[in-house]
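Engineer:
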Amino acid sequence: MSETLEDVQGTATAEALSEPFTIGVEAYLSEDYARAERDRLWRKVWQQVGRVEEIAEVGSWITYEILDDSIIVMRTAPNKIRAYYNVCSHRGRRLVDTPPRARNARGRGRQFVCGFHGWRYDIEGRCTHVPEREDWQGVLTDDKIRLREVKVDTWGGWIFINMDPESEPLRDYLEPAATLLEPFQLERFRYRWRRWLVFDCNWKVALEAFNETYHVPYTHPEFIPFGSFLGWSRAQGRHSNIGFEAPKGLEENQGKLRIGGGVDARVSTAEMQNFIWENANTNTTETLVDVANRLVKELPEGTPPDQVAKYWLETARREDAERGVDWPTVAPEAVAKSGTAWQIFPNFQIGHGQNNMLCYGARPYGYDPDKCIFEAAVYQLYPEGQEPETEWLYTPQDDPDWRTVLPQDFSNMAAVQQGMKTQGFSGTKPNPYRERSTVNLHRNLSKYMGTGAPRDLA
Ligand code: FES
Ligand SMILES: [Fe+2]
Numbered sequence: 001m002s003e004t005l006e007d008v009q010g011t012a013t014a015e016a017l018s019e020p021f022t023i024g025v026e027a028y029l030s031e032d033y034a035r036a037e038r039d040r041l042w043r044k045v046w047q048q049v050g051r052v053e054e055i056a057e058v059g060s061w062i063t064y065e066i067l068d069d070s071i072i073v074m075r076t077a078p079n080k081i082r083a084y085y086n087v088c089s090h091r092g093r094r095l096v097d098t099p100p101r102a103r104n105a106r107g108r109g110r111q112f113v114c115g116f117h118g119w120r121y122d123i124e125g126r127c128t129h130v131p132e133r134e135d136w137q138g139v140l141t142d143d144k145i146r147l148r149e150v151k152v153d154t155w156g157g158w159i160f161i162n163m164d165p166e167s168e169p170l171r172d173y174l175e176p177a178a179t180l181l182e183p184f185q186l187e188r189f190r191y192r193w194r195r196w197l198v199f200d201c202n203w204k205v206a207l208e209a210f211n212e213t214y215h216v217p218y219t220h221p222e223f224i225p226f227g228s229f230l231g232w233s234r235a236q237g238r239h240s241n242i243g244f245e246a247p248k249g250l251e252e253n254q255g256k257l258r259i260g261g262g263v264d265a266r267v268s269t270a271e272m273q274n275f276i277w278e279n280a281n282t283n284t285t286e287t288l289v290d291v292a293n294r295l296v297k298e299l300p301e302g303t304p305p306d307q308v309a310k311y312w313l314e315t316a317r318r319e320d321a322e323r324g325v326d327w328p329t330v331a332p333e334a335v336a337k338s339g340t341a342w343q344i345f346p347n348f349q350i351g352h353g354q355n356n357m358l359c360y361g362a363r364p365y366g367y368d369p370d371k372c373i374f375e376a377a378v379y380q381l382y383p384e385g386q387e388p389e390t391e392w393l394y395t396p397q398d399d400p401d402w403r404t405v406l407p408q409d410f411s412n413m414a415a416v417q418q419g420m421k422t423q424g425f426s427g428t429k430p431n432p433y434r435e436r437s438t439v440n441l442h443r444n445l446s447k448y449m450g451t452g453a454p455r456d457l458a
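Residue numbering for the sequence shown follows the UniProt record's numbering, beginning at 1 and increasing consecutively.
1) Between which two residues does the alpha helix (DSSP H) harbouring alanine 376 extend?
2) Below 6 Å, is the gap between the Cβ of threonine 269 and the nearest heavy atom of ligand 3?
3) Using 10 angstroms around the beta-carbon of aspartate 320, count the other beta-carbons present and answer buried if the total reaches 16, otherwise exposed.
4) Are the Cβ atoms of arginine 434 and glutamate 212 separated by less than 7 Å?
5) Assign glycine 324 to one of two classes, buried (16 or more other C-beta atoms within 10 Å of its C-beta) or exposed (fewer than that).
6) Quick check: the Cα distance between serine 2 and glutamate 54, rounded to an integer number of angstroms?
7) So, at 6 Å on beta carbons, what are the nonlocal neighbours of threonine 282 in its own chain, with the 5 sequence-adjacent residues on each side left out?
8) By how many angstroms is the C-alpha of tryptophan 46 removed from the C-alpha of aspartate 153?
9) Cβ of arginine 455 versus every heavy atom of ligand 1: is any distance shorter than 6 Å?
10) Tell me the DSSP secondary structure of serine 233 in three-state form.
11) Can leucine 95 and phenylalanine 116 be called in contact, C-beta distance under 7 Å?
12) Looking at C-alpha atoms only, which residue of Trp42, Leu441, Met449, Leu230 is the closest neighbour of alanine 16?
13) With distances taken between CB atoms, is the gap from isoleucine 276 to proline 305 smaller than 7 Å?
14) Considering only heavy atoms of ligand 1, does any lie closer than 6 Å to the CB of histidine 129?
15) Please classify glutamine 137: is it buried, with 16 or more other beta-carbons within 10 angstroms of its beta-carbon, or exposed?
16) Ordered along the chain, which non-local residues of its own chain (more than five positions away) have a Cβ less than 6 Å from that of alanine 316?
17) Under the rule that 16 or more other beta-carbon atoms within 10 Å means buried, what is glutamine 423, buried or exposed?
18) Please write down, chain order preserved, every residue whose beta carbon lies under 7 Å from a heavy atom of ligand 1.
19) So, does the stretch 65-82 touch the stretch 18-30, judging by three or more C-beta pairs under 8 Å?
20) Whole angstroms is fine: what's the gap from tryptophan 155's alpha carbon to alanine 178's?
21) Count the other CB atoms, across all protein chains shown, that sit within 10 Å of the CB of lysine 144; report buried if there are 16 or more and exposed otherwise.
22) I'd like to check one pair, glycine 227 with isoleucine 159: are the Cβ atoms closer than 7 Å?
23) For valine 139, count the other beta carbons within 10 Å of its own beta carbon; 16 or more makes it buried, fewer makes it exposed. Which is it?
24) Tell me which residues share the same chain as phenylalanine 229 and place their Cβ nearer than 7 Å to its Cβ, disregarding the 5 neighbours each side in the sequence.
25) For phenylalanine 56, count neighbouring Cβ atoms within 10 angstroms of its own Cβ and tell me buried if that reaches 16, exposed if not.
26) To the nearest angstrom, report how far apart tryptophan 119 and histidine 239 are at their CA atoms.
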């Protein structure tokens, strides 16, 4: 990597798209557009399909499904991951089936045996057994019947695939996000929980419920007493990022770990931490909550907010270190530049932090533009060997396990999808400062799709 942090954070891209734009509804509603996404978008872009630790052992694999394509991602050697189309080369049966209600299939083994006529494949994708192969009179060469490969690479502990053999390398594709997120050492994080469901909205509507801070006071009024959660949004080439505005002298407070904004920061920080822990189960950890709950006891009354923040974060960092959880050290300037979340084109959001993160993904559910698969996962740092065992839990929208904060976001999704369909709606009008990530998403989508570019609102 030759680029420096300064290069990739050039203001030319960061401040682009600051004029008012409007976006037509085609990308959200059109069946033709949804169908065209398969070839123009999904078969061209890098897509996040899982974590490296999900296939820790040689022979372990997971599948990933995107519209008509199912892909097996497998560890074939201690340091090698390969990906294959999940289809038997004989008559086209899917090699592995996804169990009902499961997000994906997973397993471990030395070979795949097709259930239809028993053709076998080894982990290198070679077809190793065809019953009565001589009937093909010698023309069924190894090359004709091996599993077809898909490009695969890893970054930040995630596995990404790309079905386009001509695509650029993953690392180049991810810039400038990859460089700006490097200090956070995201590859060290592990799942705390992960849930998925199907929404009655387009995948873009689902992602756009989380790629801005403009909605926070109105969709989540409970947060108002804890301070302002409004922030900026920047175009970063094909990706975007968002971050909070911080009061002067509290630059660290631009990150995820914010102190409460009440009169007594000791009290409001504890209140906010308890609220988030109980009602969202995101964006904080047990250590942070525990330390926040001791602030009143351990700090004198009248401690200024910046001192409360410093004590809280330093104490939590030290106590985590004592139990073998080392937070990455990220310079305040890098925290400020990286913001609180990245929208990785086209459909993955990384809400990074110094000891926990919250990520979202959304993708089509068949060719119905009114439906999508949505996933949310919380990650954190754990002492080695103490990472929890997790799996993707199908959790419908009204399930109490979502707690209360995320369902507030969910409540807008189908309503937006429905609302956009009326003749009385003229197109979205994203906030040019706080919702620039949405404009940038559609600007980049239009390059792949050949339609749907944001238009000047003036
Ligand atoms: S389709 Fe797989 S062996 Fe026939
Ligand atoms: Fe929200």
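In this text, a Cβ means the ideal position worked out from N, Cα and C, and glycines have one as well. Bear in mind that the values here come from a model prediction, so they are computed numbers and not experimental data.
Structural biologist: Let's see:
1) No alpha helix (DSSP H) holds alanine 376; the beta strand (DSSP E) holding it covers 372-380.
2) By its list of ligands, the structure shown excludes ligand 3, since it contains just ligand 1 and ligand 2.
3) In this structure aspartate 320 is buried. Its beta-carbon is surrounded by 16 or more other beta-carbon atoms within 10 angstroms.
4) Their beta carbons are under 7 Å apart, which means arginine 434 touches glutamate 212 by this criterion.
5) Glycine 324 comes out exposed.
6) For serine 2, the pLDDT reaches just 36, beneath the cut-off of 50, and the residue's location in the model is therefore unreliable, although a value from the coordinates is still provided. Taking the straight line joining both Cα atoms gives about 31 Å.
7) Answer for threonine 282: Leu358, Val378, listed in chain order.
8) Aspartate 153 and tryptophan 46 have their alpha carbons spaced roughly 9 Å apart.
9) Outside the cutoff, so no.
10) Reduced to three states, the DSSP call for serine 233 is strand.
11) Not a contact, by the Cβ cut-off of 7 Å.
12) Comparing Cα positions, the closest option is Leu441.
13) Not in contact: isoleucine 276 and proline 305 (Cβ atoms no closer than 7 Å).
14) Distances between the C-beta of histidine 129 and the heavy atoms of ligand 1 are all 6 Å or more.
15) Exposed, by the Cβ-count rule.
16) Thr287, Leu288, Val291, listed in sequence order.
17) When all chains shown are included, glutamine 423 counts as exposed.
18) The set, ordered by position in the chain, is Cys88, His90, Arg91, Gly92, Arg93, Cys114, Phe116, His117, Gly118, Trp119.
19) Contact between the stretch 65-82 and the stretch 18-30 is absent, because fewer than three Cβ pairs lie under 8 Å.
20) Straight across, the Cα-Cα distance linking tryptophan 155 with alanine 178 is about 8 Å.
21) By the 10 Å Cβ count, lysine 144 comes out exposed.
22) Using a Cβ distance threshold of 7 Å, isoleucine 159 and glycine 227 do not count as a contacting pair.
23) Of the residues assessed, valine 139 falls on the exposed side of the cut-off, its CB having fewer than 16 other CB atoms within 10 angstroms.
24) The answer, listed in chain order, is Thr213, Val216, Phe223, Phe244.
25) The residue you asked about is not phenylalanine; residue 56 is alanine in the sequence shown. When all chains shown are included, alanine 56 counts as exposed.
26) CA-CA distance, tryptophan 119 to histidine 239, rounds to 42 Å.
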